[in-house]
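Chemist: Under the numbering used here, the first residue of the sequence shown carries the number 94, and numbering increases by one thereafter.
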Amino acid sequence: EILRSFGAESLLYGFRIEGPLDMAQGHRFMSFNEFADPYAKAVSIQDGSMLGVIPLDGGVAFDWEDDARPCVPREELVVYELHPAGFTMLDVATSTSREEALAKGAPGTFAALIDKIPYLEELGVNAVLLDPVMANMSGVDQDDFWGDSPASFFAPDPGELPRATAPCVLLRLLGASQCLLL
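(1) To the nearest angstrom, how far is the alpha carbon of residue 248 from that of residue 144?
(2) Alpha carbon to alpha carbon, how far is residue 246 from residue 171? Give it in angstroms, no decimals.
(3) Who are the Cβ neighbours of residue 265 in its own chain at under 8 Å, not counting the five residues just before and after it?
(4) From residue 206 to residue 169, what distance separates their C-alpha atoms?
(5) Quick check: what's the CA-CA separation for residue 182 versus residue 215?
(6) Roughly how many angstroms lie between the CA atoms of residue 270 and residue 130, to the nearest whole one?
(7) Report the option in 227, 120 and 180 whose CA atom is closest to the CA atom of residue 315.
(8) For a quick check, are the C-beta atoms of residue 275 and residue 267 less than 8 Å apart?
(9) Within a Cβ cutoff of 6 Å, which residues of the same chain sit near residue 220, ignoring the five residues on either side of it in sequence?
(10) Of the choices 125, 225 and 102, whose alpha-carbon is the least far from that of residue 176?
(11) Quick one: grab the DSSP three-state call for residue 154.
(12) Closest to residue 142 by C-alpha separation, out of 110, 135 and 126, would be which residue?
(13) Suppose only complete runs of 3+ residues qualify. What are the beta strand (DSSP E) ranges in the region 99-143, listed by chain order?
(14) Return the residue from the list 260, 128, 120 and 102 that minimises the CA-CA distance to residue 109.
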């Protein structure tokens, strides 16, 4: 069964899977739960459920300007591996809630990484490896942001993505700094 919800700009959809609920046999069909499409390229959390998103307007247009992939020889790579939320979350310490922090400038998100590019340049980093950026169910009901329960490998985590263009801006600015995004 496919659930449909139409908004002005997008279609939200999920699946209900019917079958037996018999944990001893490994059957965990729960038709009362909604499941996101694991192949969705965008997701949204609505009432505690993660749903796939299909933009009705063709998606977000982004101007890549004169962006080009930096050419860094493999033997010269200086890779900094980080989790976007964990790397920028310390900025949240001055706020009373995650929601307030997000409203102030998105600490704990892809957008917050943009402010950290000069710091990465100072360290001599020329490649950034982001750890798990896919949508996951870990953070839906708790503060666990690591992503131990992936739900959609092709969609960025909506909690780290208040603006749909944030990863594109980050990628373009890292490229301008001659830094690869892995």
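Heads up, the beta-carbon is just placed ideally off N, CA and C, and yes, glycines get one too. Small disclaimer: the values here were computed from a predicted structure and weren't measured.
Modeler: Considering the structure as presented:
(1) The residue labelled residue 248 in the question sits at position 155 within the sequence shown. The residue labelled residue 144 in the question sits at position 51 within the sequence shown. Using only the alpha carbons, I get a separation of about 11 Å.
(2) Counted from its first residue, the sequence shown places residue 171 at position 78. Counted from its first residue, the sequence shown places residue 246 at position 153. When rounded, the distance between both Cα atoms is 26 Å.
(3) Residue numbering aside, residue 265 sits at position 172 when the sequence shown is read from its first letter. Taking residue 265 as the centre and dropping the five residues before and after it, the same chain places the C-beta of 157, 158 and 160 closer than 8 Å to its C-beta, in chain order.
(4) By one-based count along the sequence shown, residue 206 stands at place 113. By one-based count along the sequence shown, residue 169 stands at place 76. Distance between residue 206 and residue 169, taken at the CA atoms: about 23 Å.
(5) Here residue 182 refers to the residue found at position 89 when the sequence shown is read from its first residue. Here residue 215 refers to the residue found at position 122 when the sequence shown is read from its first residue. Those two C-alpha atoms are separated by around 20 Å.
(6) Translated into the one-based positions of the sequence shown, residue 270 becomes position 177. Translated into the one-based positions of the sequence shown, residue 130 becomes position 37. For residue 270 and residue 130, the gap between their C-alpha atoms comes out near 35 Å.
(7) Residue 315 cannot be examined here, being either before or after the span of the chain that is shown, 94 to 275.
(8) On the sequence shown, residue 275 is found 182 positions in, with the first residue counted as 1. On the sequence shown, residue 267 is found 174 positions in, with the first residue counted as 1. When the beta-carbon positions are compared, residue 275 and residue 267 stay at least 8 Å from each other.
(9) Taking the first residue of the sequence shown as position 1, residue 220 is located at position 127. Result list for residue 220: 170, 172, 273 and 275, in chain order.
(10) In the sequence shown, counting from the first residue as 1, residue 176 sits at position 83. For the residues 125, 225 and 102, the minimum Cα distance to residue 176 belongs to 225.
(11) As a first step, residue 154 is located in the sequence shown; it is residue number 61 there, counting from the start. Residue state for residue 154 is assigned as coil, using DSSP reduced to three classes.
(12) One-based indexing of the sequence shown puts residue 142 at position 49. Comparing alpha-carbon positions, the option among 110, 135 and 126 lying closest to residue 142 turns out to be 126.
(13) Correct list: 103-108 and 136-139.
(14) Walking along the sequence shown from the start, residue 109 turns up at place 16. Cα-wise, what sits closest to residue 109 is 128.
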